[in-house]
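Numbering (the UniProt record's numbering), first residue to last: 1 to 522.
One structure is given below, encoded as structure tokens.
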């Protein structure tokens, strides 16, 4: 591969100017008489509180009637009677094109699951990408998630029409979004199979690097995407650099991802040692463990988030903690694909910044963070571990808020209900059976609430869900268009599978047995 150059003709990002608008000219929202989730209070709750929002930030929080404001200046007053206000949750790892692919796959190991994902004959268009992203944003907002980190893969690699379509969807629906276009230029798993004498027939998965534009063009498209969208919509939308994974990116590609992230002062998001096969292949081809390799490539730093990181070597958690990187735990997809269990409690004890993610709907089947909370709250209660060391509900919920904020690069301004914080808030109906009778709100949020109590959602100081309905987009029209396009393309229950899909899966399954059996013998 020839040396890659960044596109010097692309202008530097335009920084958001300081807000010179008078405070009296900004929108004012008053939430009146609500209960507020309060981690430092004995009962984790403050009752009969008012919240004043000015522009995109929380201006003041205090006992009802104690705040200073001009009642004639209020643009919206929201009754908080019998309502619990929580920070909006953050889905810190997903793939938006999979929102229309839920319930399309049986449970399979990741390496096998990927083949039909790339090999379905679904007719992707930028419009379908827009609808899929909008559908996921709708699902997230209505179930209490106010921000998403989208590790966006497309059927054409880093493709401008698809990237723009997805970002436009997030702009239109009103969710906070950080989009990290997935970029890759190799597959060490396939290389490992070829080296062992396996033959992979023609297939969209095995041939993807030949079908996609040259990696130089993809990097230029990525840079143009960042200059066009980063910190747009008054900072609600942002861009990250998204190297797909350790074994999917060459040293040269990681180097250029680093350059882009540094030049545009943004973060990076990458899959890391998700499966046992990945971990073994990385050791075989790179000569070291995956997390150590990322550290040597200067990827491990504040602003970087690692998805999964299950197959860790001794000292890896300490290395992640010291680096300031954030680890995104995806318990549902980890179990759905049989990838393994991340050591959540040990990571928290070591001070690792931990966020939570749904992962894509093709490996989770929904975008509801409440289901992620509950599984995380159950999965790590090991019978052989002292129960006093099981992760608590408050820590798990915090991973979905402040942990997610760190993954988005917003640790200092997002994830809490306090003056100066970005106003991403969710109001839950305390008359819902999930909160009756009300005890510790963290226990209710993690173990009881499925997302049905969400009534009002505020993102970046704007009410985007009212009475359980989207305020910015016609839900019925969106759902109808998705249904019509999918039914048109899926004349049977699901898209046809590309030729040779089962043959490729069979070869990869053979490789898994070769590598993992050899590893187990050692």
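Using N, Cα and C, we set each Cβ at its ideal position, and we do this for glycine too.
Along the segment 150-214, the alpha helix (DSSP H) occurs as fully enclosed runs of 4 or more residues at 160-173, 188-195 and 208-211, listed in sequence order. Taking a cut-off of 8 angstroms for Cβ pairs, the segment 270-288 and the segment 224-240 do not touch, as fewer than three such pairs fall below it.
For residue 252, the uninterrupted alpha helix (DSSP H) segment begins and ends at 251-263.
Of the residues 337, 147, 114 and 153, the one whose Cα lies closest to the Cα of residue 129 is 153. Across the structure, residue 175 and residue 459 are spaced so that their CA atoms are roughly 6 angstroms apart. In this structure, residue 146 places its C-beta atom within 7 angstroms of the C-beta atom of residue 424.
Setting aside the 5 residues that flank it on each side, residue 394 is surrounded in the same chain by 39, 44 and 442, each with a C-beta closer than 8 angstroms to its C-beta; the list follows chain order.
Boundaries of the alpha helix (DSSP H) around residue 346: 344-349. The three-state reading of DSSP puts residue 224 in helix, counting H, G and I together.
With contacts defined by Cβ atoms closer than 7 angstroms, residue 446 and residue 426 do not form a contacting pair. Rounded to the nearest whole angstrom, the C-alpha separation of residue 411 and residue 198 is 46 angstroms.
In terms of CA proximity to residue 27, 53 leads the group 37, 33, 53 and 42.
When only Cα atoms are considered, residue 220 and residue 289 end up about 30 angstroms apart.
Distance from the CA of residue 389 to the CA of residue 195, rounded to the nearest whole angstrom, comes to 45 angstroms. Taking each of 185, 123, 179 and 122 in turn and checking the Cα distance to residue 216, the smallest one comes out for 185. With a threshold of 16 other beta carbon atoms within 10 Å, residue 77 falls short and is exposed. Closest in alpha carbon position to residue 466, among 456, 474, 422 and 88, is 456. Non-local C-beta neighbours of residue 23 in its own chain, meaning closer than 7 angstroms and more than five positions away in sequence, comprise 54, ordered along the chain. Spatial neighbours of residue 509 in its own chain (CB-CB distance under 7 angstroms, excluding positions within 5 residues in sequence) are listed in chain order as 112. Between the segment 65-75 and the segment 85-98, the count of C-beta pairs closer than 8 angstroms stays below three; the two stretches do not touch. Beyond the five residues adjoining it in sequence on each side, residue 30 comes within less than 6 angstroms, by CB distance, of 52, 74 and 77 in the same chain, given in chain order. In the DSSP assignment, residue 83 falls outside any alpha helix (DSSP H) and lies within the beta strand (DSSP E) extending over 83-87. With a cut-off of 8 angstroms on Cβ pairs, the segment 155-172 is in contact with the segment 126-144, counting three or more such pairs.
Cα atoms of residue 255 and residue 247: separation of roughly 14 angstroms, rounded to the nearest angstrom. Here residue 238 is buried. Its C-beta has 16 or more other C-beta atoms within 10 Å. Residue 190 sits away from residue 285, with the two beta carbons spaced by 7 angstroms or more. At a Cβ-Cβ threshold of 7 angstroms, residue 242 and residue 269 count as neighbours.
Distance check between residue 177 and each of 33, 340, 157 and 141 places 141 closest, using alpha-carbon atoms only.
Taking 3 residues as the shortest admissible run, the segment 423-461 contains the following complete beta strand (DSSP E) segments, listed from N- to C-terminal end: 425-429 and 454-459. In this structure, residue 267 lies near residue 303, with their beta-carbon atoms less than 7 angstroms apart. The beta carbon of residue 317 is closer than 8 angstroms to those of 343, 346, 347, 350 and 352 in its chain, skipping five residues each way along the sequence.
Spanning the alpha carbons of residue 400 and residue 416 requires a straight line of approximately 11 angstroms.
For the pair residue 422 and residue 56, the CB atoms are nearer than the 7 angstroms cut-off. Shown here, residue 129 sits in a helix according to DSSP, grouped into three states.
In this structure, the beta-carbon distance from residue 505 to residue 115 falls below 7 angstroms. Comparing C-alpha distances from residue 312 to each of 324, 280 and 323 shows the shortest one belongs to 280.
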